Each structure stands twice: as structure tokens, then as C-alpha cells.
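Visitor: First, the structure itself, so that you have it in front of you.
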Amino acid sequence: MQSYHIAQNGQQIGIFPESQILTGLQSGRFSGTDLFWTEGMATWQALNTKFQVAPPAPAPSANPNPYASPAPSANPNPYAAPTILVAPLPTLPLASIGSRFAAQVIDGILGVLAMVPFIPGSILLEQTEDSAATTTGLLLFGLGVVLLLVLVGINIFLLATRGKTIGKLWMHIRIVSYPQGQHPDPVKTIFLRSFVNGLLTQFVPFYAIIDPCFIFNQNRRCVHDLLAETTVVRDDTPS
Numbered sequence: 255m256q257s258y259h260i261a262q263n264g265q266q267i268g269i270f271p272e273s274q275i276l277t278g279l280q281s282g283r284f285s286g287t288d289l290f291w292t293e294g295m296a297t298w299q300a301l302n303t304k305f306q307v308a309p310p311a312p313a314p315s316a317n318p319n320p321y322a323s324p325a326p327s328a329n330p331n332p333y334a335a336p337t338i339l340v341a342p343l344p345t346l347p348l349a350s351i352g353s354r355f356a357a358q359v360i361d362g363i364l365g366v367l368a369m370v371p372f373i374p375g376s377i378l379l380e381q382t383e384d385s386a387a388t389t390t391g392l393l394l395f396g397l398g399v400v401l402l403l404v405l406v407g408i409n410i411f412l413l414a415t416r417g418k419t420i421g422k423l424w425m426h427i428r429i430v431s432y433p434q435g436q437h438p439d440p441v442k443t444i445f446l447r448s449f450v451n452g453l454l455t456q457f458v459p460f461y462a463i464i465d466p467c468f469i470f471n472q473n474r475r476c477v478h479d480l481l482a483e484t485t486v487v488r489d490d491t492p493s
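Just remember that this note's numbering sits 254 ahead of the position in the sequence shown, which is counted from 1.
Right, dumping it as C-alpha cells:
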């Protein structure tokens with residue numbers, strides 16, 4: 255039977271199997287607004303979003319009146335619109351602006367470091383009369399290509415499996431779908447949020463300035479988050 259981490263008033267109180275949680279809800283030990291988390295969940299959620307407890311049956315009247323008129327029977331309107339019960343959306347623990355900026359800086363520094371071999375490589379390749387310098391320049395260019403491919407490959411893997419880049423992994427934040435708070439679609443995360451956003455940065459004037467300015471809205475969603483239907487949250491789950 256699956257077990258869950260339970261938190262009350264912002265504090266974790268322990269790990270409980272499903273049977274104890276149901277018993278605790280019936281006895282009043284747990285409240286439907288208490289939070290739970292288990293492996294595979296992106297965020298903590300309220301108990302009442304997963305566990306349902308039937309309300310106690312009303313106590314019979316002590317002195318029923320045998321002469322009382324019967325309660326009117328329900329007469330639903332056949333033309334009324336159907337009632338649709340919608341589960342409340344989870345409250346997402348949004349990542350701070352500082353942590354997102356730091357993650358971006360870390361990713362940028364790693365990208366610059368991967369391209370460092372191209373600088374001496376290009377200088378050596380200009381010395382066409384020196385075959386040794388040309389060979390060394392080609393080797394440095396090859397090293398730069400390998401480093402870039404490794405860096406891109408690691409980030410693609412992390413984005414597809416964990417919704418993170420190396421910088422986000424370092425800062426304990428992750429990308430999730432909005433507003434559900436679930437693991438995002440890898441195609442949207444990699445193609446729209448990264449590749450298409452990069453093209454817009456290169457070819458649309460002032461986009462590189464406009465995009466991050468959107469982080470100051472209430473949901474802290476930049477333009478690339480709007481494109482991919484994502485947001486960034488704190489990653490409080492155990493590693």
C-alpha cells in the first residue's frame with residue numbers, strides 16, 4: 255500500500271499509509287486541507303483532492319412527528335444546465351525571481367566555458383603557414399564542439415526527465431505545466447520554451463528585454479513560459 259508524506263500548518267508530521275490517512279480523516283486527526291506528497295508528484299496537494307470521506311449519516315429525530323407532512327420530493331428541472339464539479343487547481347510554490355536569475359546565470363556561464371576553446375582555436379587557424387598551429391586549432395575547435403554537444407545533451411535530458419537545466423538543478427527549482435503543476439510536455443519545454451524562444455531572441459528586436467520583464471507579473475511567467483504553458487516552481491521534493 256502506498257505511503258504519503260503529510261504536512262499540517264506548514265510542518266511535515268510524518269509518513270502514513272493510505273489506510274491510516276482514511277482513518278485519520280474519519281476521526282478528525284487529519285483535515286481535508288492538510289497537504290500530502292509522494293514520489294512522482296510535482297507539488298504538495300490537499301488531502302481532499304485525492305481522499306474522499308463520506309459524511310456521517312444524520313442522526314434520526316428523537317421524537318418523530320407521525321402527523322407531520324412528508325418532505326417535498328425533489329423535482330429537478332429537466333431543462334437546467336448540468337452541474338459540473340471542478341477540482342480546485344493546486345497552489346504552486348513559485349520560484350523566487352532571484353533563484354530563476356541565478357539559474358540563468360549558471361547556465362550562461364557554463365555555455366561560455368564550453369565555447370572557450372573556440373577562441374584560441376580561431377587564432378591558431380589564422381596562422382595558415384604553420385601546419386602545427388592549424389592542427390592545434392582544429393583540435394581546439396573539435397573540443398569546443400564536443401563540450402557544447404555534451405552541455406546541450408545534458409540539459410535536454412534534464413528538461414525531458416525532470417523539467418530542469420543544470421542551473422535550475424543547482425538552484426533547486428523546476429519547470430512545471432501551468433496551471434496544473436505537473437511534469438511539463440518535453441516537446442513544449444525543449445522546442446517552444448528553449449529553441450523557439452532562442453530564435454525570437456535573435457531575430458525579434460527588443461525581445462530579449464521584453465521576455466524577462468514579464469517575470470514581474472503575479473504568476474512570474476515570462477514570455478517563454480506563456481509560449482510553452484509552463485511556470486517555474488521551487489523543488490522541495492527529496493532528491
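Beta carbons: idealized from backbone N, C-alpha and C, even for Gly.
Quick caveat: nothing in here was measured; it's all calculated off a predicted structure.
For F290, count neighbouring C-beta atoms within 10 Å of its own C-beta (all shown protein chains included) and say buried if the count is 16 or more, exposed if not.
Guide: buried
Visitor: If G286 and N302 are in contact, beta carbons under 8 angstroms, what's the gap, nearest whole angstrom?
Guide: 3 angstroms
Visitor: In the DSSP assignment, what are the bridge partners of F496?
Guide: Because the chain in this structure spans residues 255 to 493, residue 496 falls outside the shown range and cannot be described.
Visitor: Between P347 and T297, how many whole angstroms is the CB-CB distance? I'm expecting something under 8 angstroms.
Guide: In this structure P347 is in contact with T297, their Cβ atoms being roughly 6 angstroms apart against a cut-off of 8 angstroms.
Visitor: Do you know how far the Cα of V370 is from the Cα of Q472?
Guide: C-alpha of Q472 to C-alpha of V370: approximately 39 angstroms in a straight line.
Visitor: Between which residues of its own chain and T382 is the CB-CB distance below 8 angstroms, once the five residues before and five after are set aside?
Guide: These residues qualify, in order along the chain: T388.
Visitor: Short check: CB of V522 to CB of R354, under 8 angstroms?
Guide: With the chain covering 255 to 493 only, the question about residue 522 has no answer from this structure.
Visitor: Report buried or exposed for P217, applying the criterion of at least 16 other Cβ atoms within 10 angstroms of its Cβ.
Guide: Missing from the structure shown is residue 217; the chain here goes from 255 to 493 and no further.
Visitor: Is the separation between the beta-carbon of P447 and that of L481 shorter than 8 angstroms?
Guide: Reading the sequence as shown, one finds Arg at residue 447 and not Pro. Yes, the pair counts as a contact, with Cβ atoms nearer than the cut-off.
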